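Encoded as structure tokens, the structure appears first; notes follow it.
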Amino acid sequence: MRTAQPALACRVAQRPDLGESGFTLIEFMIAAAIMTMVLGGTVMLATQIQQAYGTQLDDVAVEQEARYALDWIARDLRSAGSDPYDIIPDNQEVQIDPDGVAPTYDSILVQADINPPDGVLDDPGENITIAFDSVNTVITREDPNAADPAAQAMTEAIFTDLRFTYLDTARAVTTTPELVAYVQVQVTAQSRARNPITGGYTTSTLATEVRLRTR
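Read in order, the letters of the sequence shown correspond to residues 26 to 240 in the numbering used here.
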């Protein structure tokens with residue numbers, strides 16, 4: 026008769042179930058550390074995505090503001106020299122850098138008898154000065170015939186440069202007002218906040234060209 030089987034059965038019955046003891050402290054700490062790293066990485070990734078999205082929105086806003094500035098400047102320039110009653114001297118239809126403040130070529134004065142054409146320049150929109158205010162980083166528009174004759178900020182305070190280049194009919198650069206046939210306009214705008222990826226400011230430089238109607 027074999028008697029080993031009951032003894033073996035007893036030992037098996039007495040063997041502790043390894044699954045009943047749960048996690049050890051070391052195992053729990055390892056699991057917690059892994060979870061912390063995973064959550065930390067997720068939060069970091071979400072933060073980076075949010076920053077990149079915010080930066081992209083800022084970049085788009087800067088470019089849109091630059092385009093808006095070019096649009097309204099071009100509209101004013103297109104009317105320069107409109108003079109059906111021949112009252113504007115040729116050298117005053119466009120006046121180069123009327124503010125006389127450095128840097129040069131960052132302001133322009135245009136005259137046009139348009140609102141309505143009546144032989145005098147005393148109506149709004151007929152004697153316009155466009156200039157760059159480097160202190161307040163805006164582009165201004167001054168109309169002495171408007172209800173408020175003071176220079177008005179026409180842009181957000183994000184501009185770093187405004188430059189006018191004057192060309193004659195042969196498209197050569199000129200500084201003689203009566204020879205100006207084309208005006209090239211360039212604006213540069215800059216984001217208010219730094220790009221979190223590059224560490225620098227995002228800039229947008231756009232340009233357009235306007236041909237004067239009477240040249």
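Backbone N, C-alpha and C define an ideal beta-carbon position, used for all residues, glycine too.
Please read all numbers here as calculations on a predicted model, not as lab measurements.
Measure from the alpha carbon of residue i to the alpha carbon of each residue in the options, then state which is nearest.
{"i": "SER132", "options": "MET69, GLU118, ALA206 and THR165", "result": "THR165"}
{"i": "PRO269", "options": "TRP97, PHE157, THR230 and ASP83", "result": "Absent from the structure is residue 269, since the part of the chain shown begins at 26 and ends at 240."}
{"i": "ASP186", "options": "THR49, THR228, ARG196 and LEU50", "result": "THR228"}
{"i": "ILE183", "options": "PRO123, ASP115, LEU237 and THR162", "result": "THR162"}
{"i": "TRP97", "options": "GLU52, VAL212 and ARG217", "result": "VAL212"}
{"i": "ALA127", "options": "ASP115, VAL145, VAL160 and ILE112", "result": "VAL160"}
{"i": "PRO174", "options": "ILE51, PRO149, TYR110 and LEU95", "result": "PRO149"}
{"i": "ALA105", "options": "ILE59, GLU52 and ILE121", "result": "ILE121"}
{"i": "GLY144", "options": "ASP158, ARG103 and ASP108", "result": "ASP108"}
{"i": "ARG217", "options": "GLU181, LEU237 and PRO141", "result": "GLU181"}
{"i": "LEU134", "options": "PRO142, PRO141 and ILE113", "result": "ILE113"}
{"i": "GLY125", "options": "ILE155, ILE139 and THR67", "result": "ILE155"}
From residue i to residue j, what does the alpha carbon distance come to, in whole angstroms?
{"i": "PRO123", "j": "ARG92", "result": "24 Å"}
{"i": "LEU33", "j": "THR49", "result": "Summary for LEU33: the model assigns pLDDT 48, below 50, so the residue's position carries little reliability, and this model does not support an answer."}
{"i": "VAL268", "j": "GLN215", "result": "The first residue shown for the chain is 26 and the last is 240, placing residue 268 beyond what the model contains."}
{"i": "GLU167", "j": "LEU102", "result": "14 Å"}
{"i": "ARG100", "j": "ALA197", "result": "23 Å"}
{"i": "ASN152", "j": "ALA172", "result": "13 Å"}
{"i": "PHE157", "j": "THR61", "result": "53 Å"}
{"i": "ILE51", "j": "VAL63", "result": "18 Å"}
{"i": "ALA195", "j": "LEU146", "result": "30 Å"}
{"i": "THR242", "j": "VAL87", "result": "Coverage of the chain is limited to positions 26 through 240, which leaves residue 242 absent and any answer about it impossible."}
Less than 6 Å between C-beta atoms, sequence neighbours within five positions excluded: which residues of the same chain meet that for residue i?
{"i": "THR230", "result": "THR213"}
{"i": "LEU43", "result": "Unreliable positioning characterises LEU43 in this predicted model, as indicated by a pLDDT of 47, which lies under 50. The coordinate reading is nonetheless provided below. Excluding residues within five positions, none has a Cβ falling inside 6 Å."}
{"i": "GLN209", "result": "THR190 and GLU234"}
{"i": "ALA176", "result": "THR165 and GLU167"}
{"i": "ALA94", "result": "ILE164, THR180 and VAL212"}
Kindly identify the DSSP beta-bridge partner or partners of residue i.
{"i": "ASP186", "result": "THR213"}
{"i": "ASN152", "result": "GLN136"}
{"i": "GLU234", "result": "GLN209"}
{"i": "ARG100", "result": "For ARG100, which the question treats as bridged, DSSP gives no partner whatsoever."}
{"i": "VAL163", "result": "ASP158"}
{"i": "GLN120", "result": "LEU134"}
{"i": "ARG219", "result": "TYR226"}
Apart from the five residues just before and just after residue i, which ones in its own chain have a Cβ nearer than 8 Å to its Cβ?
{"i": "ARG219", "result": "GLY225 and TYR226"}
{"i": "PRO141", "result": "ASP148"}
{"i": "ALA237", "result": "According to the sequence shown, residue 237 is Leu rather than Ala. Around LEU237: LEU102, ARG103, ALA105, GLY106, GLU118, VAL119, VAL205, ALA206, TYR207 and VAL208."}
In its own chain, which residues sit with a C-beta less than 7 Å from the C-beta of residue i, not counting the 5 before and 5 after it?
{"i": "THR199", "result": "TYR191, LEU192, ASP193 and VAL205"}
{"i": "ARG188", "result": "TYR130, ASP131 and GLN211"}
{"i": "ILE55", "result": "none"}
My assumption, with CB atoms under 8 Å, is that residue i sits in contact with residue j. Please give the rounded CB distance.
{"i": "ASP24", "j": "GLU203", "result": "Past the edges of the chain, shown from 26 to 240, lies residue 24, and the structure says nothing about it."}
{"i": "GLN117", "j": "GLN136", "result": "6 Å"}
Would you say residue i touches the ligand ADP, meaning its beta carbon is less than 8 Å from a heavy atom?
{"i": "MET60", "result": "Within the structure as shown, the ligand ADP is missing, as the structure has no ligands at all."}
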